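Here is the structure we will look at, set down as structure tokens.
Residue numbers (our numbering): 3 to 208.
What follows is the structure, encoded as structure tokens:
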């Protein structure tokens, strides 16, 4: 399997998992099937859309309609499964974490392919990994996970840095992709498991 095919598969996977995370939010909010499809789709494609617009490249889901199909299918599967399962917040957090890790890799790789600097590539990775979830939470009327004190964007940032370091040190795309994915997922997973929080400025209410 070539690196291009591997990254394409990872991109499809990331869209599917992020779409599921959007559908899980719709389930928690008691939405109908249309709400599931809407939230799942904007979550699945939101980050990549912002990335492509900023990099001035064709928006990926317009070029390949299968991304939309993946989001819709993920929404309907989640819709029917959640009618028979308990709506656990942990499922949402882990689905979001997996999607975030996958999109970190894709965002950095796409940006590097457009010839931007490593610094900008890491920023694109973070945006790709977090913006879909940001839109999801805003539409659902929740405080965005990105703005909580949890370890979230930090995990994407470190994953992106690992990708850049591996590419420039040993020039192995597969190794870089796997290392970045694992780094982002492990850091976010540890944050979920041990309830890690970042320092925050004390509010007036506290």
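The C-beta atom is built at its ideal place from N, Cα and C for all residues, glycine as well. Just so we're clear, the structure is a prediction, and the values are computed from it rather than from any experiment.
Within the continuous alpha helix (DSSP H) that includes residue i, where are the two ends?
| i | result |
| --- | --- |
| residue 14 | 5-30 |
| residue 35 | 35-56 |
| residue 65 | 62-65 |
| residue 82 | 68-83 |
| residue 192 | 175-196 |
| residue 165 | 155-172 |
Check this for me: beta carbons of residue i and residue j, under 8 Å apart or not?
| i | j | result |
| --- | --- | --- |
| residue 99 | residue 187 | yes |
| residue 153 | residue 95 | no |
| residue 22 | residue 80 | yes |
| residue 127 | residue 162 | yes |
| residue 135 | residue 19 | no |
| residue 26 | residue 97 | yes |
| residue 141 | residue 41 | yes |
| residue 107 | residue 182 | yes |
| residue 133 | residue 52 | yes |
| residue 113 | residue 103 | no |
How would you label residue i, buried or exposed, when you count the other beta carbons within 10 angstroms and need 16 or more for buried?
| i | result |
| --- | --- |
| residue 5 | exposed |
| residue 195 | exposed |
| residue 117 | exposed |
| residue 82 | exposed |
| residue 85 | exposed |
| residue 138 | buried |
| residue 71 | exposed |
| residue 115 | exposed |
Apart from the five residues on each side of it in sequence, which residues of its chain come closer than 8 Å, Cβ to Cβ, to residue i?
| i | result |
| --- | --- |
| residue 78 | 35, 38, 39 |
| residue 55 | 61 |
| residue 176 | 5, 8 |
| residue 189 | 153, 156, 157, 160, 161 |
Return the chain-ordered list of same chain residues with a C-beta closer than 7 Å to the C-beta of residue i, the five sequence neighbours on each side being excluded.
| i | result |
| --- | --- |
| residue 178 | 165, 168, 169 |
Does the distance between the C-beta of residue i and the nearest non-hydrogen atom of the ligand NAP fall short of 7 Å?
| i | result |
| --- | --- |
| residue 116 | Summarising the ligand content, the structure contains no ligands, and the ligand NAP is consequently not present. |
Using a Cβ-Cβ cutoff of less than 6 Å, which residues in the same chain neighbour residue i once the five nearest sequence positions on both sides are dropped?
| i | result |
| --- | --- |
| residue 105 | 16, 49, 130, 131 |
| residue 24 | 41, 42, 45, 138 |
- Does the stretch 168-178 touch the stretch 142-149, meaning 3 or more C-beta pairs lie closer than 8 Å? no
- Query: Taking contact to mean at least 3 C-beta pairs separated by less than 8 Å, is the stretch 52-70 in contact with the stretch 26-33?
  - Reply: Fewer than three Cβ pairs drawn from the stretch 52-70 and the stretch 26-33 lie within less than 8 Å of each other, which leaves the two stretches out of contact.
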